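Numbering (full-length UniProt numbering), first residue to last: 1 to 139.
All C-beta atoms in this analysis are idealised placements derived from N, C-alpha and C, irrespective of residue type, glycine included.
Only a predicted model underlies this, so the values are computations on that prediction, with no experimental measurement involved.
See below for the structure under consideration.
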Amino acid sequence: MSSNAINSSAAQEANPKPLYADLTGWVTQHFVPIYRRTLGGDFRWCAQWWQHGEAISRLMALWYSWEAMRLQGATGMALWYRDHLDHQLPVLLGPRGPFYQCTENEHLIPHQARLVPTPSGWLVSGSSASPAEEQLPED
Ligand SMILES: [Zn+2]
1 MSSNAINSSA AQEANPKPLY ADLTGWVTQH FVPIYRRTLG GDFRWCAQWW
51 QHGEAISRLM ALWYSWEAMR LQGATGMALW YRDHLDHQLP VLLGPRGPFY
101 QCTENEHLIP HQARLVPTPS GWLVSGSSAS PAEEQLPED
């Protein structure tokens with residue numbers, strides 16, 4: 001074995017390739033087939049999960065941690081379940097989670113809370129006092 005092959009092998013052990021190439025692969029080939037729940041009550045799913053920014057973010061966090069922890073010996077997956085999936089699943093699939101108004105067969109665009117534009121100068125960086133203290137309205 002050449003030194004390049006040894007170095008390449010060591011580099012691969014330090015930074016192993018993910019088992020799935022992208023989030024869609026992990027969701028469609030691992031997450032949905034493995035973590036099945038009765039849908040409709042405590043658990044919601046949207047077939048268009050990719051339309052929900054929060055779901056993408058939570059699934060991405062689950063996938064990244066799963067890719068890392070699946071390689072951590074005997075307890076990696078147990079810790080992944082305890083520290084990641086068991087926390088995220090009830091939120092992600094829960095009736096108050098990102099799929100709260102979707103069903104398996106119908107996607108509804110989630111309501112976005114209204115925003116009032118931040119007043120000019122409200123968020124000033126480099127100031128010693130907090131902007132909120134500087135600009136509190138007088139009674
Ligand atoms: Zn949806």
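Close-in-space but distant-in-sequence residues of the same chain around residue i (CB under 8 Å, 5 per side omitted)
{"i": "PRO16", "result": "LEU71"}
{"i": "TRP80", "result": "SER65, TRP66, MET69 and ARG70"}
Residue from the options whose Cα sits closest to the Cα of residue i
{"i": "GLU106", "options": "THR38, ALA68, ALA21 and GLN51", "result": "GLN51"}
{"i": "ARG37", "options": "LEU23, GLN112, ARG114 and LEU89", "result": "LEU89"}
{"i": "PHE31", "options": "PHE43, TRP63 and GLY53", "result": "TRP63"}
Spatial neighbours of residue i in its chain, beta-carbon cut-off 7 Å, leaving aside the 5 residues before and after
{"i": "GLY41", "result": "none"}
{"i": "PRO18", "result": "GLU67"}
{"i": "GLY76", "result": "MET69 and ARG70"}
Check whether residue i and residue j have beta carbons under 8 Å apart
{"i": "ALA47", "j": "PRO98", "result": "no"}
{"i": "CYS102", "j": "LEU93", "result": "no"}
{"i": "VAL91", "j": "ARG58", "result": "yes"}
{"i": "MET60", "j": "LEU85", "result": "no"}
6 Å CB neighbourhood of residue i in its chain, flanking five on each side removed
{"i": "TYR20", "result": "TRP26"}
{"i": "LEU39", "result": "TRP45 and GLU104"}
{"i": "TRP49", "result": "ALA55"}
{"i": "LEU117", "result": "According to the sequence shown, residue 117 is Pro rather than Leu. No residues qualify anywhere along the chain."}
{"i": "GLY73", "result": "none"}
Runs of alpha helix (DSSP H) lying entirely within the segment 22-73, each at least 4 residues, in chain order: Counting whole runs of 4 or more residues, the segment 22-73 contains the alpha helix (DSSP H) stretches 23-26 and 53-69.
Minimum length 3: unbroken beta strand (DSSP E) runs contained in the segment 100-126: None, since the segment 100-126 contains no complete beta strand (DSSP E) of that length.
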